[in-house]
């Protein structure tokens, strides 16, 4: 990524006390510590979106739908409805159930809505960035909710500022509203033009006084499904949200597609040709809920197949198989079934831990006070343990978990990872650390094994992963974005055209 | 006011539940009921502003300064500081002491700041409108705090929207930020151009990363004073805020003046010629705190003189003089001193009443449960009472107070008002009801007397008011805005040029 | 007071974080700093009580009644109702309007209730001490609310503990509940026996499942009035609460009286002979609201008479008279009327200051940041000022106020106090500092004058005070408790019988 | 249970609005609906306790320890510490992480403490019942925390009330404090006498200014373990809390044991002979965390054995095995391993659901909006499903889950329960519905199968359960309390002696 994208400094005061955050858009990603998950050192999804058109309970459905997508963003939640030419919205910091109560939902009338959950980082946690963003423009009201990332947002922002635009947030999403408002064309054409200028991976929901517009980036990087409930249409980042509200799944929104819903019904349109479908592989491996389907593939089943594939590629004899909760339980059971080694609850997570939990002091931590994860002594003591996890980012978490198992008496700990080494940043909406902090960027597998104190370590092969995910027939490898493993990004051409480097030298 | 300004509909969702408010900018003013003050039916000031340049305790001084200006706005409060090229701010709903705590103040570093308190109405009470408003633009950060009203804001807003601007708030203040951001000139010239386009009455504080800009409208309608504390400059809506923080009063900011403070110190400039000074008379009569001075006239003293003048113009023999608390105590004492009739505490206000107070049900109210005001039986029973108040808006409150006195045994109630009949709306920042709801617009004094159930009623004459305020030597009547009494507005010419009617036919 | 009462240590954990407080019951009173009022160094009333029997809106009336009594206690508030054999109650920290909302009031059904507001001190501020206290005993439910102090409570408590009683609070009030529960007699007799054992000054409201019992100590030290609203009876610490709810005043509850209200109506009884009536003089001088009457004497009028009497006893020529708000405004007006010197607003209090207000740092305070009180420069500059206040406790506040006036340019400051020197502690419910900290205990008037930096100082004479209060015909001095001025306490005999010293050597 | 225990009415006002609850102590148990878990119709544990003696971080350790025990009580949490003769405590409604923050923990100094988490029911949810309860008595301060139930508490309470005791709560725990305070003996003897009077199942922690006393009922019904951390002793309801803080497990506290810790160290004593050990079987089946051990038996392993045993006793051919999350996952994996049928994620629980979650309206529920549990269509569609659960209480939840699976396309649903039919109430601290509402009390297995719409249903046999739990050698059935299955209660003799019926005719 070229210099112009580096060191873009975002200065933000905020509702909650004016914290200022420096966030770099490439190369030197700032590690935004998350009070909640730091020990787990996990990748974080950017967001989840949920839209309704034509159902009288739009706000209540959004509440349950966003609740089902809560794992995609725990920082803030918001719903905007449109009712007889007027917008009604509420946004707040926290979980869906914290932001909304009965009264709030009832104060949001209307049969169409868009909703959003946003991921959590301590540094940039602020109300001003909560979505949906709502604007007033020549055409009336405009609300926008998005999941993903626009790589060239800083360039577009500078261009708009040069023309006299003022911004309220540091959010990429505000850029699209300006592009639409400044276009002299009619709304749908303005939206298509605006999307044509974006480079990145995203799912967009746009609400106006009389329309709902839905779009997915030209490679379909971020998941987005369409369903039906009664007479209404439902859109959601994951199919589990359809299931939760009792809606019927229709289909996944296609790459480059633009759907317009208004009083004339649903109109299927495109703002870009489908060039290369590239669904984010990490959605399959880690992010999406196990009961969701992406492109008709169930996630729990795919993860069990990853576990089985790991057993095929790298069998080790052992006494017990355990998975790191919650994400790797499915894979661990797959591994156990494939090998006949019993699956046991070797690690347990305290389900009550959350944002407001007091972290133990360094001193207490050293004395043995556990965070939210514990090893179960009776299960692992004197045993050879196979520990399944989904990825290794910095390696710090893996080391801690291996050590937890050893302190609880495990004789051997064999680590099996359901993804290839994660060695490159994501540009499409997953919050990844700086490439230099990715342990797989600078270390060999053997070096990582030593760093995490494991007796053996194996990463699922890229072909094995593609096979396990399945369903991407023919050129399966081209149906997934594997950029974080392969350094081969689907928008490589656009990066070059825009003279934006991805650091992929 | 012409049609184009009538029926401008502001649709606002909001942070707190998406209440939608219709607010008309002329003719049909919407009566925004205020849970707190409805029984008093009082006029409401729009806001108070406070600025610091060059003092290390900028945020803490703002806290105490805004606290001293709290009576000018109880709805929301905010402070924005600038520190080494970064903005820090916090805004919230409620009183200064509710919005800020020690930690909040400490999280606002810097030696310059602007702060704001906003008036309270139930309908439009929303965080999004809390000031200072903060924007990002080509030149960096920009924060704006204002007191007053821009009459042609809707026109300017439509013009900007037509050029593709998007708005986040329904506030007039956002217009000025757009005008500044769109100007290709340097900041100070851009600001001067922007002010040149405004019609109205206002005091403005504008903070950028390296400057504080202060301005008062061309007629000086809203008060704004300048003081000094140590090396720093202080700006405040009223002088009581200077006194509170121990600052020395320097002078009132002059009509049309533009002050620029930066690393080169204070520069005195103008964006408009002073044509006709016109300070809001209601500031003298009611709004400003009695311990404030406006143009070197102390308010308590001026109000005592109004009371004395009333006694001269309309003496009535009586047993006791009482004032409606808190605003009319000074005038009541003046009346008592002039007449020799003893001043007594005939009415008392419960000082604990506030926003969260549960209003008595209609049933309990009818049974005699008092709101925040009570008559003191022992003081008024069997007495002829002179009751001093500052104004009559709709008349409903006056009726209730007269009746309270009668129920407590007053034999006669003679009402004396320290202002002429209030028969026209204000266009410069005071929240007035629709002209049709102003009792003095449609009724004679005798009809009003009957409507409020008084034994006699007298309004201070316009010359008497001017005399009592004093200090406006020579053409004193031209030194005050008396538009709400006289229907003669200082921006009459601009109204005509802009083809904006004031309804003053 | 003998040794056994000295150094009684109360250790209290609390709801709000387990603060531990040492409070001595005599001699060495602990100075419990109150964040709110420390600069004013004011005496604090212990509490206010409010009771309803036989009105369907018992809880709502209590809300408005307690609100009217809020000045008697700002720390906590509580209401307990009885409905068809069941108790319902709610208590909380804060003002009445903070503790109760619509839902809370609606959750308190029943036609009888007792309510309480408690005074505020930082040290002992805790939910556990909020009243009404509610207990379960052999006879069912029992709730108690009290205003005042039981001098021999520590002795009674020790006696009860020796018999195996356990206590939940450090409140005197819990003692009476134990005494009642342990008596084998029927309730009314048990209550009479229990009161017979108490030494002190108090007003008591006791609610059981079927009765309301009301009592005043044998000397009537604390005020308590009875009124009527519809079919119901109302009891309140001050008559202003009757006025607020529209109730008719019947009479003051008499010393030693015990009123029982049940399905048979009101029964008037006694638990003690009236020996010497002794109403607290400080209620007249400072505590009670100016619109209240005690024993048919209006407080505002009495205070005006105190001001007049001061002018008679100690006239000084001056330019303006001012009162320390809010308590001394009435007296200042009296002084002004008597002398013809104009009353002016020389001191002003910020009405928004309250518990959550951030106090200025020592540094800012030295730089001139004012707390809640300011002098009005325009009014006092170059003037000779007579400043009226109600009492001088430690002298620190008086010094600050005199200095405020001098800094604002007053040429001379003549202090006139509407009470005799306060040189002895109160044992009956007013929170006074240790005798050694009472400036009048150790210093002459001239020494005090120097200490507070006044040009002259005069304390109202004791006969002048009695005369100004008035209405206590015949042996008027015996109708008031003047112990804090005279060291002559109404329960002197009981002190001696119980071998309790009052330190009055 | 005899009449005298029936219809004991507890009238409680409360901190949070004075809700009144009727709770019957026998026969007709009142069904206290829990907003959180009603769809699951689950049994609820009464509480969890945690104690520290001799560790400088007592409060912080209690925080983490109680957090590990959070599943035993989500309603309220509290910690009381003792430091140099003074108590410090804090209690509140909500989860441990909600009740305590850093400041609260730091305000609790001392090296010894007791803590408590309390179960949640909507009806009786009140602060007054939060533990530890803290009292003042002759000997100083006394705090008590308990898990379990005292069957004869109402009798003891009446006896104490007859002697003049007053109560603050409706909690059984207050009875023991009275018994101790009324005893003339020294503390330890008084405690032993007091426990000697109790009938029931309980674990007790008692803190005084200088001692910690720990006791388990004579049959060891409720679990309680002892551990060591540095120089300190730790006590906890479950061993997972020891593991969480890094403490070493020493042993389970024995039935009838009384441990005294003071400056002389640990003294092991008894207040009762061990007659018949009877650990609650439901702790093994459902309540305790899978990573805890009770009497050295790991719960996850025991539950896997229950699943295996079910497969042995009642094998059915099927396509997938699934468990009802979270409690039955271990057993489902056991069943899968025993049979070779793959374990799949057929049911998924939304981990974010909690107290404040808005329940869907009946209408939305009927339209298909799911509560917190969903079936995974891709996993169960067209499959024969074995569904493992731990118990059936009323049957309503089982019916809903079976229907969820069917609606998601399951061809057959075979329900396997890891406990015998639950047909009798618990008297020892588990909140069970009225016997008439227990489906197994009135229906045969076949009738239950029909009621829950299952294709087949099997309950684990009592011998099979005992075998699966294991470790209770010799007379294993006498080492467990199986009263809820067998109607044979360990305190049968005491019931008869005290003429208390258990309804076990």
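Chains as they are written, first to last, in this note's numbering: chain B, 1 to 505; chain A, 1001 to 1505; chain X, 2001 to 2505; chain E, 3001 to 3505.
Note that CB positions come from ideal geometry on N, CA and C, so glycine has one too.
All figures in this text were calculated on a predicted structure; none of them were measured in a lab.
Look at the alpha carbon of residue 2490(X) and the alpha carbon of residue 2219(X), and state the distance between them as a whole number of angstroms. Position 490 of the third chain, counted from the first residue, corresponds to residue 2490(X). Position 219 of the third chain, counted from the first residue, corresponds to residue 2219(X). Looking at the two C-alpha atoms, the distance is approximately 7 Å.
Which residues share a DSSP beta bridge with residue 143(B)? Against the first chain, residue 143(B) aligns to sequence position 143. Residue 143(B) pairs with 134(B), 207(B).
Count the C-beta pairs between the segment 453 to 470 of chain B and the segment 310 to 330 of chain B that are closer than 8 Å, then say yes if the count reaches three, no if not. yes
Close Cβ partners of residue 1449(A) (< 6 Å) along its chain, the five nearest in sequence each way excluded: Position 449 of the second chain, counted from the first residue, corresponds to residue 1449(A). Excluding positions up to five away in sequence, the list reads 1457.
Pick helix, strand or coil for residue 2350(X), following the three-state DSSP scheme. The residue labelled residue 2350(X) in the question sits at position 350 within the third chain. It is coil, neither helix nor strand.
Leaving aside the five residues before and after residue 3129(E) along the sequence, list all residues of the same chain whose C-beta is less than 6 Å from its C-beta, in chain order. Within the fourth chain, residue 3129(E) is the residue found at index 129, counting from 1. The answer, listed in chain order, is 3169, 3171.
Have a look at residue 1441(A) and residue 1297(A) and give me their C-alpha separation to the nearest angstrom. For this step, residue 1441(A) is matched to residue 441 along the second chain. For this step, residue 1297(A) is matched to residue 297 along the second chain. Each residue's alpha carbon lies about 30 Å from the other.
Proximity below 7 Å, CB of residue 2331(X) to CB of residue 2418(X): As a first step, residue 2331(X) is located in the third chain; it is residue number 331 there, counting from the start. As a first step, residue 2418(X) is located in the third chain; it is residue number 418 there, counting from the start. Yes.
Taking the alpha carbon of residue 2233(X) as the point to measure from, which residue in 2072(X), 2065(X), 2127(X) has its own alpha carbon closest? Here residue 2233(X) refers to the residue found at position 233 when the third chain is read from its first residue. Nearest of 2072(X), 2065(X), 2127(X) to residue 2233(X), Cα basis: 2065(X).
Determine the contact status of residue 1058(A) and residue 1138(A), defining contact as a CB-CB distance below 7 Å. Sequence index remark: in the second chain, residue 1058(A) carries index 58 (1-based). Sequence index remark: in the second chain, residue 1138(A) carries index 138 (1-based). No, they are not a contact pair.
Short CB-CB distance (under 7 Å) between residue 1338(A) and chain X: In the second chain, residue 1338(A) corresponds to position 338, counting from 1. So, not an interface residue.
Could you pull the DSSP bridge partners for residue 2251(X) from this structure? Taking the first residue of the third chain as 1, we reach residue 2251(X) at position 251. For residue 2251(X), the pairing in a beta bridge is given by DSSP as 2226(X).
Can you tell me where the alpha helix (DSSP H) holding residue 1464(A) begins and where it ends? Looking up residue 1464(A) in the second chain gives position 464. Taken as a continuous stretch (DSSP letters only), the alpha helix (DSSP H) holding residue 1464(A) covers 1462 to 1469.
Under 7 Å from the C-beta of residue 342(B): neighbouring residues of chain E: To locate residue 342(B), count along the first chain from 1; it is residue 342. The contacting residues are 3337.
Can a CB atom of chain E be found closer than 7 Å to the CB of residue 2168(X)? Position 168 of the third chain, counting from 1, holds the residue named residue 2168(X). By this cut-off, residue 2168(X) is an interface position.
Quick check on residue 514(B): does DSSP put it in helix, strand or coil? Outside the shown range of chain B, which is 1 to 505, sits residue 514(B), and nothing can be said about it.
Hey, does residue 3491(E) have any beta-carbon neighbour from chain X nearer than 7 Å? Within the fourth chain, numbered from 1, the residue matching residue 3491(E) stands at position 491. No, residue 3491(E) lies away from the interface with chain X (no Cβ there is under 7 Å from its Cβ).
Return the chain-ordered list of same chain residues with a C-beta closer than 7 Å to the C-beta of residue 193(B), the five sequence neighbours on each side being excluded. Start at 1 with the first residue of the first chain, and residue 193(B) comes out as number 193. Here the set comprises 183, 185.
For chain X, check one thing: does any of its Cβ atoms lie closer than 7 Å to the Cβ of residue 1322(A)? Against the second chain, residue 1322(A) aligns to sequence position 322. Not closer than 7 Å to any Cβ of chain X, the Cβ of residue 1322(A) fails to qualify, so no.
Neighbourhood of residue 3266(E) by C-beta distance below 7 Å, restricted to the same chain and skipping five residues each side: What you label residue 3266(E) is simply residue 266 of the fourth chain in a count that begins at 1. Same-chain partners within the cutoff: 3233, 3259.
From residue 3098(E) to residue 353(B), what does the alpha carbon distance come to, in whole angstroms? The residue labelled residue 3098(E) in the question sits at position 98 within the fourth chain. The residue labelled residue 353(B) in the question sits at position 353 within the first chain. Roughly 11 Å between the two C-alpha positions.
Per-residue DSSP class, three states only, for residue 432(B): Reading the first chain from its first residue, position 432 is the one you call residue 432(B). Of the three classes helix, strand and coil, the one that applies to residue 432(B) here is coil, per DSSP.
Classify residue 3361(E): buried if its beta carbon has 16 or more other beta carbons within 10 angstroms, exposed otherwise. In the fourth chain, residue 3361(E) corresponds to position 361, counting from 1. Counting Cβ neighbours within 10 Å, residue 3361(E) comes out exposed, since fewer than 16 surround it.
Would you please verify whether the beta carbon of residue 388(B) is less than 7 Å from any beta carbon of chain E? As a working note, residue 388(B) is residue 388 in the first chain. Residue 388(B) does not count as touching chain E.
Considering residue 389(B), what are the terminal residues of the beta strand (DSSP E) in which it resides? Residue numbering aside, residue 389(B) sits at position 389 when the first chain is read from its first letter. Element bounds for residue 389(B): 384 to 389.
Mind checking who residue 2343(X) pairs with in its DSSP beta bridge? Along the third chain, one-based indexing puts residue 2343(X) at 343. Paired residues: 2321(X).
Between residue 1328(A) and residue 1252(A), how many whole angstroms is the CB-CB distance? I'm expecting something under 8 Å. Residue 1328(A) sits at position 328 when you count from the first residue of the second chain. Residue 1252(A) sits at position 252 when you count from the first residue of the second chain. That pair is no contact at about 25 Å.
Helix, strand or coil for residue 3236(E)? Go by DSSP, reduced to three states. The residue given as residue 3236(E) occupies position 236 in the fourth chain. Looking at residue 3236(E) - three-state DSSP - the assignment turns out to be strand.
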